[in-house]
Amino acid sequence: MIEAVEDSVIAGCILGKFHRARELGLTLNIDPDSSLRDLPAHCGSEQIVTIVANLLDNAFEATRASNGREPINLSMTDLGNDIIIEVEDFAGGIQDNLQANIYEQGVTTKTQGDHGIGLYLVKETVQILRGNVEFSSDNLGTRFTVYIPKQLKQE
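Following the working numbering, the numbering of the sequence shown begins with 7 at its first residue and continues without gaps.
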């Protein structure tokens with residue numbers, strides 16, 4: 007997988023998260039067909055790290071909180087017109103009453119500590135990149151999908 011990600015900062019983040027998952031007793035599956043070779047000029051590696059790291063951290067925490075043994079899945083592709091990043095867990099989903107406001111700062115499913123910033127940062131970063139983030143959630147789990155355009159439209 008790391009060979010499919012040319013940017014060393016992003017590759018290092020993914021490798022670090024892979025090992026963190028193992029430390030937590032979790033499994034992070036990285037789609038072997040993933041590819042992230044060329045970042046568009048308007049997109050910095052730090053922005054991709056913000057997105058990937060926060061989505062994975064949330065999936066790790068949700069899986070641990072649900073005592074789940076199912077893997078967390080990460081997929082990335084730069085084929086086509088967009089960079090697409092997907093993170094999927096099988097931790098029981100996001101509560102219905104939180105879904106409408108899930109990207110607002112301070113909204114969290116956690117009961118302890120300072121939380122409620124990760125998805126807010128993901129949404130803000132994706133908006134800066136003129137992309138879109140969406141999620142689907144049911145009683146089995148949650149999938150976040152991020153779309154970042156490779157070419158910005160002229161305004």
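Positions of the beta carbon are idealized from the N, C-alpha and C atoms, including for glycine.
None of the values given here were measured: they were computed from a predicted structure.
- Query: What are the boundary residues of the alpha helix (DSSP H) that Thr56 is part of?
  - Reply: Taking the sequence shown and counting its residues from 1, one reaches residue 56 at position 50. Taken as a continuous stretch (DSSP letters only), the alpha helix (DSSP H) holding Thr56 covers Ser51 to Ala71.
- Tell me, please, which residues DSSP counts as bridged to Arg149. Sequence index remark: in the sequence shown, residue 149 carries index 143 (1-based). Glu94 and Ser142, per the DSSP bridge assignment.
- Does DSSP put Asp88 in a helix, a strand or coil? Numbered from 1 along the sequence shown, position 82 holds the residue referred to as residue 88. Residue state, collapsed to three classes: strand.
- Query: How long is the line joining the alpha carbons of His48 and Glu140, rounded to whole angstroms?
  - Reply: By one-based count along the sequence shown, residue 48 stands at place 42. By one-based count along the sequence shown, residue 140 stands at place 134. The alpha-carbon separation between His48 and Glu140 amounts to approximately 21 Å.
- Message: Just to confirm the assignment, what range does the beta strand (DSSP E) spanning Leu80 have?
- Response: As a first step, residue 80 is located in the sequence shown; it is residue number 74 there, counting from the start. Run containing Leu80: Ile78 to Thr83, per the beta strand (DSSP E) assignment.
- Task: Count the other CB atoms, across all protein chains shown, that sit within 10 Å of the CB of Gly137; report buried if there are 16 or more and exposed otherwise.
- Result: As a first step, residue 137 must be located in the sequence shown, where it is residue number 131. Buried.
- Query: Quick one: any contact between the segment 94-101 and the segment 45-60, if contact means 3 or more CB pairs under 8 Å?
  - Reply: no
- Task: Report the rounded CA-to-CA distance for Leu32 versus Ala59, giving the unit in angstroms.
- Result: Position 26 of the sequence shown, counting from 1, holds the residue named residue 32. Position 53 of the sequence shown, counting from 1, holds the residue named residue 59. Rounded to the nearest angstrom, the two C-alpha atoms are 15 Å apart.
- Alpha carbon of Asp144 to alpha carbon of Asp84, nearest angstrom: In the sequence shown, the residue the question calls residue 144 occupies position 138. In the sequence shown, the residue the question calls residue 84 occupies position 78. Taking the straight line joining both Cα atoms gives about 27 Å.
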